[in-house]
Structure formats: structure tokens, C-alpha cells
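Reviewing the structure listed below.
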Amino acid sequence: GDSVTQMEGPVTLSEEACLTINCTYTATGYPSLFWYVQYPGEGLQLLLKATKADDKGSNKGFEATYRKETTSFHLEKGSVQVSDSAVYFCALSENTGGFKTIFGAGTRLFVKA
Amino acid sequence: DARVTQTPRHKVTEMGQEVTMRCQPILGHNTVFWYRQTMMQGLELLAYFRNRAPLDDSGMPKDRFSAEMPDATLATLKIQPSEPRDSAVYFCASVGGQAYNEQFFGPGTRLTVL
Numbered sequence: 003g004d005s006v007t008q009m010e011g012p013v014t015l016s017e018e019a020c021l022t023i024n025c026t027y028t029a030t031g032y033p034s035l036f037w038y039v040q041y042p043g044e045g046l047q048l049l050l051k052a053t054k055a056d057d058k059g060s061n062k063g064f065e066a067t068y069r070k071e072t073t074s075f076h077l078e079k080g081s082v083q084v085s086d087s088a089v090y091f092c093a094l095s096e097n098t099g100g101f102k103t104i105f106g107a108g109t110r111l112f113v114k115a
Numbered sequence: 003d004a005r006v007t008q009t010p011r012h013k014v015t016e017m018g019q020e021v022t023m024r025c026q027p028i029l030g031h032n033t034v035f036w037y038r039q040t041m042m043q044g045l046e047l048l049a050y051f052r053n054r055a056p057l058d059d060s061g062m063p064k065d066r067f068s069a070e071m072p073d074a075t076l077a078t079l080k081i082q083p084s085e086p087r088d089s090a091v092y093f094c095a096s097v098g099g100q101a102y103n104e105q106f107f108g109p110g111t112r113l114t115v116l
């Protein structure tokens, strides 16, 4: 079955450092890929998405590129801020109309001032 | 600003009591999911509905959990009887409209069973 594997956390960075959170997936079809973010005390919210190979999703300075050849969707940001401290979830959803989404385990990010 | 709402936000109860959690999906969204989040297990899918009909509830302990959608604007998750191991944050999410495949999460219900 479909699955998502992302790097374990926590990840601790200083403000303005570069961020990469690795994510790889296994899917039988051609899924859409997502990064969701969860701030303390809140539900998950969509950060960015990519619906087909080579698409790049971007939002709030974060980027991720859909790499079909390596089945990866790594999250990157060039300069993190304290306000980026949160849990980040990589996810996939098959484009068959079912809307069911497979989530990774989540990676907690701490950014120090 | 359309959003998913959940009530109550916090619930503390004693073991053996019935717990009911409610979710109002975004108007027009026809697919509703229930998740449970704990530190140990992470985010687990419990059940989901399409057009109010259950599509998959294989993630839910059948002996004590039940999920329903009495109408298109209300989804409920019940636990009877509750146990301390049910302590978790329960999220509802809805999908539909033009945001194909994007899940919109509610703020969650934090349940503590003593």
C-alpha cells in the first residue's frame, strides 16, 4: 500500500539557518503530494502541494519539488524564523477521487533565536 | 472565512463515561475524516465519510467507538465506555469544493480520560 516516510525529529536550528526535511513516498499510482504544518494547539493546515511530477510547491518561503524518479518531496527553506517552529507532515493522496490522505509521522522543528 | 469547527475543544471525563465529539465540516464539503493524534502513535485515521455514508472505519475500535453523520453539517464521534488509553486529540477534517484533495482540519478536541 501507499506510504510516506519522513526524517525523524526533532530538528533544532538557529534563526536564519537553512532547513531541509526529507520525505520519500511509495505509491501505486500518480499521487498529489503535500506538506502540512501543525502549530502548537492547532490542527494541521496545508503549507504547499504539488500535483504532478516536476511541479514545485511554494508558500511562505518554503519549497518542495515533486521528484518522481527518486519518489521524494523534500521540504526546504533558505532562512528559518522562530515562528516556523512547528510540526511538519509530508503526505500523499491518490488522484482517484477518494481524497484519502496518507500522512508521514511528522517532524518537529525548533528554531532558536 | 470558512473553517471546520469542533466541539468541545477540551473534555475531561472519568473512565466508563460516554464521550461525544462533534464536527461541523465546511459547507459544501462532502467528505469528512476523523483522526486521532497521540505522542506515541502520531496521527491515525479512524474513519471517513462521503456524502454522509461511511467509506472506511477500519481504524476505529469497533467495540467502543462509533461515528455517524446525522446530516451534511454534522459529524459525531462517540466513545462508550471511555478508557484512559483513549486520551488523545481528536481531529475532524473535510474535503470538497474546488480544493481538490486538500484536507481542512478543525482545531481538535483534547480528550482526557481519568
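Just so you know, the protein sequences line up as chains A and B, in that order. Residues in the first sequence are numbered consecutively from 3, following our numbering. Residues in the second sequence are numbered consecutively from 3, following our numbering. We put the CB at the ideal spot given by N, CA and C, even for glycine. The structure presented is a predicted model; accordingly, all values stated were derived computationally and were not measured.
query: According to DSSP, what are the bridge partners of R87/B?
result: On the second sequence, residue 87/B is found 85 positions in, with the first residue counted as 1. None, per the DSSP bridge assignment.
- request: Report yes if the C-beta distance between Q84/B and L113/B is below 9 Å; otherwise report no.
  value: Taking the first residue of the second sequence as position 1, residue 84/B is located at position 82. Taking the first residue of the second sequence as position 1, residue 113/B is located at position 111. Reading off the sequence shown, one finds Ser at residue 84/B, where the question assumed Gln. Contact flag set, yes.
query: If contact means a Cβ-Cβ distance below 7 Å, which residues of the region 16-35 of chain B contact chain A?
result: Flagged, chain order: T33.
query: Looking at the C-beta of K58/A, does it have a partner C-beta in chain B at a distance below 9 Å?
result: The residue given as residue 58/A occupies position 56 in the first sequence. No - not a single Cβ of chain B is within 9 Å of the one on K58/A.
Test: A95/B CB closer than 9 Å to a CB of chain A: For the purposes of this step, residue 95/B is identified with residue 93 of the second sequence, where counting begins at 1. Yes, its Cβ sits closer than 9 Å to a Cβ of chain A.
query: Does the Cβ of S96/B have 16 or more other Cβ atoms within 10 Å, making it buried, or fewer, making it exposed?
result: Reading the second sequence from its first residue, position 94 is the one you call residue 96/B. Buried, because 16 or more other Cβ atoms sit within 10 Å of the Cβ of S96/B.
query: Contact between the region 67-86 of chain A and the region 20-30 of chain A: three or more CB pairs below 8 Å?
result: By the Cβ rule, the region 67-86 of chain A counts as touching the region 20-30 of chain A, because three or more pairs are nearer than 8 Å.
- request: In the DSSP assignment, find the beta strand (DSSP E) that holds R24/B and state where it starts and stops.
  value: Stepping through the second sequence from its first residue, residue 24/B is reached at position 22. Taken as a continuous stretch (DSSP letters only), the beta strand (DSSP E) holding R24/B covers 21-26.
Residue from H12/B, Q39/B, H31/B, E20/B with nearest C-alpha to R5/B: Within the second sequence, numbered from 1, the residue matching residue 5/B stands at position 3. Checked all of H12/B, Q39/B, H31/B, E20/B; the closest Cα to R5/B is H31/B.
query: Which residue's Cα is closest to the Cα of Q82/B: P63/B, Q39/B, P72/B, M71/B?
result: Within the second sequence, the letter at position 80 stands for residue 82/B. Closest option to Q82/B, Cα to Cα, is P63/B.
query: If the cut is a Cβ gap below 9 Å, which residues of chain B does Q47/A touch?
result: Indexing the first sequence from 1 puts residue 47/A at position 45. In chain order: F106, F107.
query: Which chain B residues sit within Cβ distance under 7 Å of A115/A?
result: Here residue 115/A refers to the residue found at position 113 of the first sequence. By Cβ distance, chain B contributes nothing, its closest Cβ being about 26 Å from A115/A, past 7 Å.
query: Closest Cβ-Cβ distance between V14/B and chain A: below 9 Å?
result: If you number the second sequence from 1, residue 14/B lands on position 12. At a cut-off of 9 Å between beta-carbon atoms, V14/B makes no contact with chain A.
field: Under 7 Å by beta carbon: chain A residues contacting Y92/B
entry: For the purposes of this step, residue 92/B is taken as residue 90 along the second sequence, with counting starting at 1. Those within 7 Å of Y92/B in chain A number zero; the least Cβ separation is about 10 Å.
message: On the DSSP letters alone, give me the boundaries of the beta strand (DSSP E) that M62/B sits inside.
response: By one-based count along the second sequence, residue 62/B stands at place 60. Boundaries for M62/B: no beta strand (DSSP E) harbours it, and the DSSP string shows neither H nor E there.
- prompt: Using the beta-carbon of each residue, which ones in chain A are nearer than 7 Å to L113/B?
  reply: As a first step, residue 113/B is located in the second sequence; it is residue number 111 there, counting from the start. In chain order: nothing, as chain A lies at least about 15 Å away.
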